[in-house]
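What follows is one structure encoded as structure tokens, with my remarks underneath.
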Amino acid sequence: MEKVKNNIGEDNTLRQIRIFLVLLGVFFIINLQSQDTTLLNLDALYSKIKANHPLTIQAALQNTMADAELMKAKGRFDPTLGGSLNQKNFENKEYFSLLNTELKIPTWPGIDIKTGYELNRGVFLGPENSTPNNGLIFGGVSLNLGQGLFIDERRAGVSSAEIMQRFASARQRDLMNELLFNATLVYWDWFRAYNVLEVYKTSLRNAKERFNAVRFNVSSGDRPHIDTVEAKIQIQIIQIGLNQAQLDFTNASTILSGFFWDADNKNIGLDILHKPALTENELRRNSIIFDVTSPGDFVNDHPYLEQVRQKTRHLNVDRNLKKDRLKPLVSLQYNPITEAIGSNFLTNYNINNYKWGVEFKMPLLLRKERGDLKLAELKIQENELLLNNKSQELLNKYQAYVNEWQATNEQIGIFEETVRLYEQMFTAERRLFEIGESSLFLVNTREQAYINAKIKLTEFIAKNRISYYSIYYFAGKLGDN
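For what it's worth, our numbering labels the leading residue of the sequence shown as -4, then goes sequentially.
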């Protein structure tokens, strides 16, 4: 795929300058109309969302929960201290008393270090439980020589938890990318609705002034009475458009208010005096500051795909654990023992005093283990297919919005000139009407075309801004700003 490039050639540079001038004109118009209101630009909206929005807080919790999971997994390597006491007394006889205490220290290589104290007595004490009168102190290790030698559930749990930390970080970025994009769509729809409303408000004022002038001319006998009817119809047509525009702006404001929260996690809504604003920063955002040329770029950068990749690593850990289950279970224990006499009991240690044991177990057919391994491998394959497909899907959408952004840049440049031409035609027709060389029908027709053109230009600007931010969204970079 050919690399996406921006600002190519002189024609593209001129087009960017024209777009800048168009947006600059809209910037001044909006600010002049909003001197008595509170201006809200997209950067300010982003700041409010990042500060207090519930989904922002939820996104931040991802890393906290991942840290807790890692602590939990590492807890399986914590030393444990335990003990047990079992006694039986009957008819004034102590049948047996079994006391055992133990300190167990797990280690990462899979070797468990143990030490403890054992004291058993009683009339009917079994010979295997007999201890000296002072009891026995023992130490030693337990080790798996087959299954569990290189990986076990404890080590796999820690490795998975570390992977999930990176997954959580990508998840947080992905949630913010999604949240800010949703806010962006709502903001530019609100921007469009506000400017359409302003177009209709201005047009209604002009239509009413024209109606009053026509009515005066009719009363003076300079115009036929039918002109007042036509002027009134034009007012009603514009009024209907104004009512719909007011409804659209009210609904857009209501939806936008859902992004405003305070520090107490309460929705504070959008002040009715808030109006959209095009800032100088927004006007400068007319070029893409990064390039994406292949699905591999998305794998490295996109937070959603980073989650998929980390999930693959997690599945690989699970596969290694399942593969280890194909080995036989061979558990070896060795415990040197010595009688607990005096403070320096090691002086009584004899190398010939020990307790040891070995345990062996292995399923003959291994059907469960082989089935688990096969499922683990299939899950990895499924995840890799998802990664490849999603990478290409995001790349295609990214490229589509780059194309749309470039096309709307050109459309705005053309249509801004179209709006000026419509305005000239409307102004000229109105002057002809004032000197009696045109009809009110033609004036209304020119005005309606001018209104539609201004609305269309507003829609092009909103579409251009949405496509610009969509590029960052599908590249996974919107939440990084």
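From the three backbone atoms N, C-alpha and C, an ideal C-beta is built for every residue, glycine too. Only a predicted model underlies this, so the values are computations on that prediction, with no experimental measurement involved.
Are the CB atoms of A61 and M171 nearer to each other than 9 Å? no
DSSP has D107 in a bridge; who is on the other side? DSSP lists P101, S137 as partners of D107.
Cβ of E113 within 9 Å of Cβ of T96? yes
Does the region 190 to 202 touch the region 446 to 457, meaning 3 or more C-beta pairs lie closer than 8 Å? yes
Where does R314 fall in DSSP's three states? helix
Under a Cβ-count criterion, where at least 16 other Cβ atoms within 10 Å of its own Cβ denotes burial, should L380 be classed as buried or exposed? exposed
What does DSSP give as the partner residues of R116 in its beta bridges? S92
Got a sec? Which residues, its chain only, sit under 7 Å from G130 by beta carbon, not counting five neighbours each side? Y112, E113, L114, A335.
Measure the alpha-carbon distance for E377 versus L310 and round it to whole angstroms. 11 Å
According to DSSP, residues forming a beta bridge with H269: H269 is bridged to T33.
Name the two residues that bound the continuous beta strand (DSSP E) containing F85. 75 to 85 is the extent of the beta strand (DSSP E) around F85.
Consult DSSP for Q328 and reduce its assignment to one of helix, strand or coil. strand
Measure the C-alpha to C-alpha separation of Q142 and L473 and round it to an integer number of angstroms. 47 Å
Beta strand (DSSP E) segment containing K356, residue limits: 349 to 356
Once you ignore the five residues that flank L180 on each side, which residues in its own chain have a CB closer than 7 Å to its CB? Closer than 7 Å at the Cβ level, and outside the excluded window around L180, lie I461.
Pairs of beta-carbons, one from the region 237 to 248 and one from the region 200 to 217, closer than 8 Å: are there three or more? Segments in contact, no.
With DSSP run on the structure shown, which of helix, strand or coil describes T126? coil
Cut-off 7 Å between Cβ atoms - residues of its own chain near G134, not counting five sequence neighbours on either side: K109, T110, N330, P331
Pull up the distance between the alpha-carbon of R150 and that of E64, whole angstroms please. 14 Å
Use the C-beta contact count for H297: other C-beta atoms within 10 angstroms, 16 or more gives buried, fewer gives exposed. buried
Touch test, the region 258 to 273 against the region 214 to 228, Cβ-Cβ under 8 Å, three pairs minimum: no
Are there 16 or more other CB atoms within 10 angstroms of the CB of N190, so buried, or fewer, so exposed? Counting the other Cβ atoms within 10 Å of the Cβ of N190 gives 16 or more, which makes it buried.
Leaving out the 5 sequence neighbours to the left and right, which residues in its chain are closer than 7 Å to I146 when beta-carbon positions are compared? N315, L316, D319
Beta-carbon within less than 7 Å of V414's beta-carbon, same chain only, minus the 5 sequence neighbours each way: which residues are those? A448, K449, L452
Contact set for I375: own chain, Cβ-Cβ below 7 Å, skip 5 residues either direction: T307, L310, N311, R314
Whose CA, out of K369, I132, K99, L93, lies closest to the CA of E122? Correcting the residue type first, residue 122 is Pro in the shown sequence and not Glu. For the residues K369, I132, K99, L93, the minimum Cα distance to P122 belongs to L93.
Measuring CB atoms only, is the region 71 to 91 touching the region 45 to 53, in the sense that at least three cross pairs come out at less than 8 Å? Judged by Cβ distances under 8 Å, the region 71 to 91 makes no contact with the region 45 to 53, as fewer than three pairs qualify.
Pick helix, strand or coil for L359, following the three-state DSSP scheme. coil
Counting C-beta neighbours from all protein chains within 10 Å, is the total for P358 16 or more, i.e. buried, or is it exposed? exposed
N-terminal and C-terminal residue of the alpha helix (DSSP H) that I450 is part of: 435 to 469
L174 and I44 look like a contact to me (Cβ under 8 Å); what is the Cβ gap, rounded to whole Å? 6 Å
Determine the DSSP secondary structure at E334, reduced to helix, strand or coil. E334 sits in a strand when the DSSP states are folded into three classes.
Looking at the C-beta of L65, does it have a partner C-beta in chain C at a distance below 9 Å? Reference to chain C is not applicable here, since this structure consists of a single protein chain.
Which residues mark the beginning and the end of the alpha helix (DSSP H) in which A258 is found? Going by DSSP, A258 is part of no alpha helix (DSSP H) at all; its letter is neither H nor E.
Could you tell me whether the Cβ atoms of A202 and A240 are closer together than 9 Å? no
Between the Cα of K363 and those of A423, K322, V153, spot the shortest distance and give me the residue it belongs to. If we check each option's Cα against that of K363, K322 comes out closest.
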